[in-house]
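Chain order of the listed sequences is A and B.
Start counting the first sequence at 33; every next residue gets the next number (our numbering).
Start counting the second sequence at 397; every next residue gets the next number (our numbering).
Reading through the structure tokens given below for one structure.
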Amino acid sequence: MNRRSAGLLTVVAFGYALLYVPIVSVVIYSFNDSRLVTLWGGFSLRWYASLLANDELMDAALLSLRIAVVSATFATAFGAIVALALQRLSRLRGRVLLSGMIAAPLVMPEIITGLSLLFLFISMADLVGWPASRGAATITIAHITFSMAFVVVVVRSRLSAMDESLEEAAMDLGGRPVPVFFDITVPMLMPALISGWLLAFTLSLDDLVISSFVSGPGATTLPMYIFAKVRLGVTPDINAITTIIIVLVAVAVATAALVSSRRGQTG
Amino acid sequence: MSTKPAVETRPAERWLRRAAAVPYLWLLLFFLAPFLIILKISVAEPVIAQPPFTALLEWGESGLAGIRATFENYAFLFQDGYYGIIYLSSLKMAGIGTVLCLMLGYPMAYYIARQPPRRRNILLLAVILPFWISFLLRVYAWIGLLNNRGVINEVLIWLGVVDQPIQLLYNDFAVYLGIVYSYLPFMILPLYANLERHDRNLLDAAADLGARRNRAFLDVTLPLSMPGIIGGCLLVFIPAVGEFTIPALLGGADTLMIGRVLWDEFFVSRDWPVASAVSVVLLLLLIAPILWFQRIQAREQEAMR
């Protein structure tokens, strides 16, 4: 190996270490018995047990999950329709505006999205009396709005590689649009819909900034709870939550990889 | 796939057109309208007297006093040096973070693009994987590594490199590290997408013509990867300018970034008019890089076809 590729390998190894060392260290310290987060006090599951006893945290986690499931579902449905419209309709009124509104959330600073949506909700409450108070509903609306953009990107890239002739054939054989859509287009789009949904779900579960702006006094999501705690430094039970989330993500990714590789073999 | 004008009138298209109205209206209401509200509050003095905005003005005093305060706050933003310094400091920190990210991301993307396809996919997956774990928690993980009694300081002391813990957390260094760490995948992916498409015959041709490998890299690979470099840098720079979580968790009291100032302006000092003016200026700063990014995006998509 010459010096050049040795140098390259070192940088690459450093990069991967940078990506994984923090995650691994959190997992290790989540099993640490010591309350002092950096001293090793022996193996223990006490922080996991303390999670279960923490009602505030459990409520926040459940709220986050509920919001994430609902918002990811709506975002996927809306995103798929927008992607189809942008990709398939050659004459679409307001296409420029629509694609602008879809592209903008991808690059809009979260802090501005949050602030502007809060102003909208306040104005709406004043004008039409809804939303009377902010909470799960307003957070869900905000999450649908920004994660829809990411779904559109995923679905469009699938659509551009997809063969339209099957749908055309079904139509030519007299299929009605709605059944053809659900029997042919949706199954063909399924991998993109699943990854779009997972992406929207993750983005929602992860969002701190926008939720903080559009939430009300009663609704604390998991990231909001975590942020309030870690702002003061490291806490061992947050290590335990992180580890649980890492395990869930690993299982989800492995499942997705298995499903897609099986699809790849049969399809 | 190109759309076929001949089948434009078929029922499927009509159905899709109708269905698309729902997300369209949704975006008009929940994306465009809020955006316009923020713009109006910060720039247009007379229209603010309309009913939709009175609620906002309750945070000031009565109607008109509130309006004037909003406008004055907006002008105040330009007169007061404090905000100018924060904007400049955010641009500087995001810029340095982006350059550091490129310096690490380019070699990684270059290396991945040169691997056999199977290993390439695994390496690429390993870059994307952390993205699926909560951003907040990944930033938090650094607190445990960087603090005075954290893993890195313990190791450094154990190795005898230092005998006192060094301050790694709550300063600008930690913010740069946070930016590089969090946005590395965003740098690597566009770079990889570009580098992977390069025709290796060009490098062979350069070698045949007597170019050394370094020369060939500088004259062939680097110029060809320019769209990837610009795309990756903008993808890191744009969100980094308005970043809140990283400076809030890893930065020190003297780390000035606009996202954090905006947050404090809103939640701590409760000065909503200034907060909206601050965000309009932030958006104006970002418009040029955003438009640039979209042009690059469009051109890259053309190139992929």
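Built from N, CA and C at the ideal position, the CB exists for glycine as well.
What you are looking at is a predicted structure, and each value in this text was computed from that prediction instead of being measured.
**Message:** With the cut-off set at 7 Å, would you say residue 483(B) and residue 686(B) are in Cβ contact?
**Reply:** If you number the second sequence from 1, residue 483(B) lands on position 87. If you number the second sequence from 1, residue 686(B) lands on position 290. Not a contact, by the Cβ cut-off of 7 Å.
**Item:** Alpha-carbon spacing of residue 119(A) relative to residue 625(B), whole angstroms
**Value:** Your numbering for residue 119(A) matches position 87 in the first sequence. Your numbering for residue 625(B) matches position 229 in the second sequence. Computed Cα separation, rounded: 28 Å.
**Prompt:** By the 10 Å Cβ neighbour count, where 16 or more other Cβ atoms means buried, how is residue 87(A) classified, buried or exposed?
**Reply:** One-based indexing of the first sequence puts residue 87(A) at position 55. It is exposed - the Cβ of residue 87(A) has fewer than 16 other Cβ atoms within 10 Å.
**Request:** Flag residue 76(A) as yes if its beta-carbon sits less than 7 Å from any beta-carbon of chain B, otherwise no.
**Result:** Walking along the first sequence from the start, residue 76(A) turns up at place 44. For residue 76(A), the answer is no, since every Cβ of chain B falls outside 7 Å of its Cβ.
**Message:** Using the three-state DSSP reduction, which class does residue 633(B) fall into: helix, strand or coil?
**Reply:** In the second sequence, the residue the question calls residue 633(B) occupies position 237. The answer is helix: DSSP assigns residue 633(B) an H, G or I state.
**Request:** Can you check the region 401-430 of chain B for any alpha helix (DSSP H) of at least 4 residues that lies completely inside it and give the ranges in chain order?
**Result:** 407-423
**Message:** Just verifying my parser: in three-state terms, what is the DSSP assignment at residue 549(B)?
**Reply:** Here residue 549(B) refers to the residue found at position 153 of the second sequence. Looking at residue 549(B) - three-state DSSP - the assignment turns out to be helix.
**Request:** Compare the C-beta of residue 411(B) against all C-beta atoms of chain A and say whether one is closer than 7 Å.
**Result:** Counted from its first residue, the second sequence places residue 411(B) at position 15. Taking Cβ atoms only, chain A reaches closer than 7 Å to residue 411(B), which makes this a yes.
**Prompt:** If we cut at 7 Å on Cβ distances, does residue 577(B) have a partner in chain A?
**Reply:** Translated into the one-based positions of the second sequence, residue 577(B) becomes position 181. Taking Cβ atoms only, chain A reaches closer than 7 Å to residue 577(B), which makes this a yes.
**Counted within 10 angstroms of its Cβ, other Cβ atoms place residue 190(A) as buried (16 or more) or exposed** = On the first sequence, residue 190(A) is found 158 positions in, with the first residue counted as 1. Answer is buried; the Cβ neighbour count reaches 16.
**Item:** Below-7 Å beta-carbon distance, residue 171(A) vs any chain B residue
**Value:** The residue given as residue 171(A) occupies position 139 in the first sequence. Not closer than 7 Å to any Cβ of chain B, the Cβ of residue 171(A) fails to qualify, so no.
**Given residue 250(A) as reference, the closest of 222(A), 55(A), 186(A) and 170(A) once Cα atoms are compared** = The residue given as residue 250(A) occupies position 218 in the first sequence. Here the closest residue by C-alpha is 170(A).
**Message:** Give me the chain B residues within the contact set of residue 263(A), using Cβ-Cβ distance strictly less than 8 Å, ordered along the chain.
**Reply:** The residue given as residue 263(A) occupies position 231 in the first sequence. The contacting residues are 644 and 645.
**Request:** Check the C-beta distance from residue 671(B) over to residue 682(B) and give it rounded, since I have them as a contact under 8 Å.
**Result:** On the second sequence, residue 671(B) is found 275 positions in, with the first residue counted as 1. On the second sequence, residue 682(B) is found 286 positions in, with the first residue counted as 1. Between residue 682(B) and residue 671(B) the Cβ distance is about 17 Å, and since that is not below 8 Å, they are no contact.
**Prompt:** Touching or not, the region 183-200 of chain A and the region 76-96 of chain A, by the rule of three or more beta carbon pairs under 8 Å?
**Reply:** The region 183-200 of chain A is not in contact with the region 76-96 of chain A.
**Opposing strand residues paired with residue 75(A) [DSSP bridges]** = As a working mapping, residue 75(A) is identified with position 43 in the first sequence. Residue 75(A) is bridged to 64(A).
**Prompt:** Excluding the five sequence neighbours on either side, which residues of its own chain have a C-beta within less than 8 Å of the C-beta of residue 448(B), listed in chain order?
**Reply:** Residue 448(B) sits at position 52 when you count from the first residue of the second sequence. Confidence at residue 448(B) is low in this model, with a pLDDT of 33, below 50, so the placement of that residue is unreliable and no value is reported for it.
**Prompt:** Closest to residue 269(A) by CA distance: which of 263(A), 258(A) and 74(A) is it?
**Reply:** Translated into positions along the first sequence, residue 269(A) becomes position 237. The option with the nearest alpha carbon to residue 269(A) is 258(A).
**alpha helix (DSSP H) segment containing residue 527(B), residue limits** = As a working note, residue 527(B) is residue 131 in the second sequence. Careful: residue 527(B) lies outside any alpha helix (DSSP H) and carries neither H nor E.
**Message:** Can you find the residues in the same chain that come closer than 8 Å, C-beta to C-beta, to residue 162(A), ignoring five residues on each side of it along the sequence?
**Reply:** The residue given as residue 162(A) occupies position 130 in the first sequence. For residue 162(A), where only same-chain residues beyond five positions count, the Cβ hits under 8 Å are 156.
**Message:** Measuring straight from C-alpha to C-alpha, what distance separates residue 477(B) and residue 427(B)?
**Reply:** Position 81 of the second sequence holds residue 477(B). Position 31 of the second sequence holds residue 427(B). Rounded to the nearest angstrom, the two C-alpha atoms are 32 Å apart.
**Asked** So residue 111(A) and residue 180(A) are in contact, right, with Cβ under 8 Å, and what is the actual spacing, rounded?
**Response** The residue labelled residue 111(A) in the question sits at position 79 within the first sequence. The residue labelled residue 180(A) in the question sits at position 148 within the first sequence. So it is a contact: roughly 5 Å between Cβ atoms.
**Request:** Taking residue 478(B) as part of the alpha helix (DSSP H), name the residues at either end of that continuous run.
**Result:** Against the second sequence, residue 478(B) aligns to sequence position 82. Run containing residue 478(B): 477-509, per the alpha helix (DSSP H) assignment.
**Item:** Extent of the continuous alpha helix (DSSP H) to which residue 213(A) belongs
**Value:** Counted from its first residue, the first sequence places residue 213(A) at position 181. Careful: residue 213(A) lies outside any alpha helix (DSSP H) and carries neither H nor E.
**Message:** Runs of 4 residues minimum, wholly inside the region 239-296 of chain A: which ones carry the alpha helix (DSSP H) assignment?
**Reply:** 241-246 and 254-262
**Item:** Cβ-based contacts, 7 Å cut-off: residues of the region 498-521 of chain B near chain A
**Value:** 500, 503, 504 and 507
**Item:** Contact under 7 Å by Cβ, residue 591(B) with residue 240(A)
**Value:** Counting from one through the second sequence, the residue named residue 591(B) turns up at place 195. Counting from one through the first sequence, the residue named residue 240(A) turns up at place 208. No, these two residues do not count as a Cβ contact at 7 Å.
**Prompt:** Which residues in the same chain have their Cβ closer than 8 Å to the Cβ of residue 138(A), if we skip the five residues on either side of it in sequence?
**Reply:** In the first sequence, counting from the first residue as 1, residue 138(A) sits at position 106. 181, 182 and 185.
**Item:** The alpha helix (DSSP H) enclosing residue 116(A), as first and last residue numbers
**Value:** Sequence index remark: in the first sequence, residue 116(A) carries index 84 (1-based). Its alpha helix (DSSP H) spans residues 87-120.
**residue 575(B) versus 691(B), 490(B), 586(B) and 649(B), residue with shortest Cα-Cα distance** = Residue 575(B) sits at position 179 when you count from the first residue of the second sequence. If we check each option's Cα against that of residue 575(B), 490(B) comes out closest.
**Asked** Short check: CB of residue 632(B) to CB of residue 582(B), under 7 Å?
**Response** The residue given as residue 632(B) occupies position 236 in the second sequence. The residue given as residue 582(B) occupies position 186 in the second sequence. Contact flag set, yes.
**Message:** Our contact map puts residue 508(B) next to residue 525(B) with C-beta atoms below 8 Å; I'd like the distance itself, whole angstroms only.
**Reply:** Translated into the one-based positions of the second sequence, residue 508(B) becomes position 112. Translated into the one-based positions of the second sequence, residue 525(B) becomes position 129. Actually they do not touch by this definition, with Cβ atoms about 14 Å apart.
**Asked** Taking any Cβ of chain B, which residues in the region 99-112 of chain A have a Cβ under 7 Å from it, in chain order?
**Response** 110
**Message:** Is the separation between the beta-carbon of residue 172(A) and that of residue 99(A) shorter than 7 Å?
**Reply:** Looking up residue 172(A) in the first sequence gives position 140. Looking up residue 99(A) in the first sequence gives position 67. Contact flag set, yes.
**Request:** Could you tell me which chain B residues have their CB closer than 7 Å to the CB of residue 198(A), listed as they occur along the chain?
**Result:** Counted from its first residue, the first sequence places residue 198(A) at position 166. In chain order: nothing, as chain B lies at least about 12 Å away.
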